[in-house]
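Report on one structure; see the data block that follows.
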Amino acid sequence: MSEDVIVLDGVWKIFGDRANEAMAAVQERGLTKPEVLNEFGCVVGIADCTFEVKRGEIFCVMGLSGSGKSTMVRHLNRLIEPTAGKISMLGKDMLALGGEELREMRAMHIGMVFQHMALLPHRTVRDNVGFPLQVRGEPKSKRWDVSQRCLSMVNLDGYEDRFPRELSGGMQQRVGLARALASDPEVLLMDEPFSALDPLIRRQLQDQFMGLSAELNKTTVFITHDLDEAIRIGNRIAIMKDGVIVQIGTPEDIVTKPADDYVEDFVEGISKLKLVFAHSIMEDISSYKPARGEDLAKSPRTSHDTDLDHLIDIATTTKQPIVIQNDKGKDVGVVNKSTLLKGIQGGKA
Numbered sequence: 004m005s006e007d008v009i010v011l012d013g014v015w016k017i018f019g020d021r022a023n024e025a026m027a028a029v030q031e032r033g034l035t036k037p038e039v040l041n042e043f044g045c046v047v048g049i050a051d052c053t054f055e056v057k058r059g060e061i062f063c064v065m066g067l068s069g070s071g072k073s074t075m076v077r078h079l080n081r082l083i084e085p086t087a088g089k090i091s092m093l094g095k096d097m098l099a100l101g102g103e104e105l106r107e108m109r110a111m112h113i114g115m116v117f118q119h120m121a122l123l124p125h126r127t128v129r130d131n132v133g134f135p136l137q138v139r140g141e142p143k144s145k146r147w148d149v150s151q152r153c154l155s156m157v158n159l160d161g162y163e164d165r166f167p168r169e170l171s172g173g174m175q176q177r178v179g180l181a182r183a184l185a186s187d188p189e190v191l192l193m194d195e196p197f198s199a200l201d202p203l204i205r206r207q208l209q210d211q212f213m214g215l216s217a218e219l220n221k222t223t224v225f226i227t228h229d230l231d232e233a234i235r236i237g238n239r240i241a242i243m244k245d246g247v248i249v250q251i252g253t254p255e256d257i258v259t260k261p262a263d264d265y266v267e268d269f270v271e272g273i274s275k276l277k278l279v280f281a282h283s284i285m286e287d288i289s290s291y292k293p294a295r296g297e298d299l300a301k302s303p304r305t306s307h308d309t310d311l312d313h314l315i316d317i318a319t320t321t322k323q324p325i326v327i328q329n330d331k332g333k334d335v336g337v338v339n340k341s342t343l344l345k346g347i348q349g350g351k352a
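The number in this note's numbering is simply the position in the sequence shown, starting from 1, with 3 added.
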C-alpha cells in the first residue's frame, strides 16, 4: 500500500473570539453550524475533516464558494491554525513544529499555487521562479539553472527576461507553477490555480500539470469548484458542503454512487462514458448464462479497466457479448448489450 503523505484527523476551524468555548460546546452537545453562530457568534469554517493523501496522488477537494475548501487547504501548511484535530505531513506532526521548523517545512517540502499568483512585478520571470531559492540563500548560479529547468517544464523557454505584465494570464499561471516546482517540493497545494482562465487555456494547463505530476511524482491537494476539472485530474475527490466533507471517492465512485442528494445534483449532468469501467458493470462469468446464439468462445476480450466509451465501440463490432479479463488475462466477467445499456443509463448494472 502507498505511503500516506498527508493525514488530517478530525480537524475543526471555528472563527471568532469564543472559538474555544464553541468547540467545547460542539464536542459536548453536538451543536450545528447555525447553532454555533447563534449562541457564540462564531463561524464554523471546517468541521471534523478527516482524510489521507497517498504519495503521488492528486487529491481534489471540490465544493461551492463558502464550502470550506480553501480554508481546509490552508491548514495543511498552517497558514491557518486549527481549533481542534491533528495534521501530519511527511511523517511529521505539523502542529508540533516550531517557527523555524515550520518555515523550513514550507520552504523545502511544500509548494503552494494560488488562483492569483502574486508574481513580483519588478522581477523578471526568471527571478520570480528563483525567488524561493533566494529565500533559502542559494547562489545566483543555482537559482538561474533551476529557474531555466522549471521554465522549460512549463514551456516558457524564451520568456526568462520578461516581466509579469508582459505575459498573458495563462503564462503567468505557468510561471507560478514553475515557481512552486523550483524548490522541488514533495507536496503541492493548489488553490483553484486555473479557475480564472479561458476554457481552452485551462484545459491545456490541466494537461500540462497532470503530465508534470506524473513525471515528478508529486503529491498534490488540488482545490476546485469545478466538478469537471476534479473528475478530469483527480485520482480521488473529496466533496465539501458547509465545512463538512460529505463524500470521498474515485471519480467513478462519485459519479455512480453519490452519497446524498447534494452530490447527486452535482453529478447529474456528468457523462459517465469515460468514468465507468467494465469491472463495475460486468456480470461474473461463473454465473453468466449465455442467451441463444451467444458463444463466449467467439466473444471479443478486453480489460476490466476498459471504460464505457470503449466498450460501446467494441459492442458495435460484434453480436457476441464482451468477455472481461483481469490483469493476468483470465476471463472474469461478461458485458452484454443489456448490461451495457444499464451502465450507460445509470453507471451500474
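All C-beta atoms in this analysis are idealised placements derived from N, C-alpha and C, irrespective of residue type, glycine included.
CB contact flag (residue i, residue j, <7 Å)
i, j, result
"D245", "K36", "yes"
"L215", "A181", "no"
"I226", "E195", "yes"
"I251", "Q209", "no"
"I9", "M92", "yes"
"K57", "D96", "no"
"T53", "D12", "yes"
"A233", "M65", "yes"
"L276", "D231", "no"
"R146", "L159", "no"
Residues near residue i by beta carbon distance below 6 Å, same chain, minus five either side
i, result
"V247", "A50"
"P85", "V14, K16, H78"
"V39", "A25, C45, V47"
"N329", "H307, V335"
"N220", "G59"
"N339", "P324"
Terminal residues of the beta strand (DSSP E) in which residue i lies
i, result
"Q118", "That residue, Q118, is in no beta strand (DSSP E); it is neither H nor E in DSSP."
"M243", "239–244"
"V326", "325–328"
"L192", "190–194"
"V337", "334–338"
Residue i: first and last residue of the uninterrupted alpha helix (DSSP H) it sits in
i, result
"T74", "72–79"
"K89", "Segment 87–92 is the beta strand (DSSP E) holding K89; no alpha helix (DSSP H) there."
"Q176", "172–185"
"V224", "Unbroken run through V224 is the beta strand (DSSP E), 222–227; no alpha helix (DSSP H)."
"M111", "102–112"
"L200", "First-last for L200: undefined, no H or E at that position."
"G133", "128–138"
"L230", "230–236"
Own chain, CB closer than 7 Å to residue i, minus 5 neighbours either side, in chain order
i, result
"L113", "One point to set straight first is that residue 113 is Ile, not Leu, in the sequence displayed. Only N80, P188, V190, L192 meet the Cβ criterion."
"L100", "M108"
"M4", "Residue confidence for M4 is low, a pLDDT of 43 falling below 50, so the modelled location carries little weight; the figure read from the coordinates is stated next. Within the same chain, M4 has no close Cβ partners at all."
Integer-rounded CB distance, given that residue j should sit under 8 Å from residue i
i, j, result
"T309", "F269", "With 8 Å as the limit, T309 and F269 do not qualify as a contact, their Cβ atoms being about 26 Å apart."
"V132", "A185", "5 Å"
"D287", "Q323", "Between Q323 and D287 the Cβ distance is about 18 Å, and since that is not below 8 Å, they are no contact."
"P254", "I240", "6 Å"
Minimum Cβ-Cβ distance from residue i to chain C less than 7 Å
i, result
"I325", "Of the protein chains in the structure, only one exists, and it is not chain C."
Residues of its chain near residue i, where Cβ-Cβ distance is below 8 Å and the 5 sequence neighbours each way are ignored
i, result
"V138", "A110"
"E218", "none"
Minimum length 3: unbroken beta strand (DSSP E) runs contained in the region 8–74: 46–57, 61–65
Every unbroken beta strand (DSSP E) within the region 251–314, with a cutoff of 3 residues, ordered by chain: 304–306
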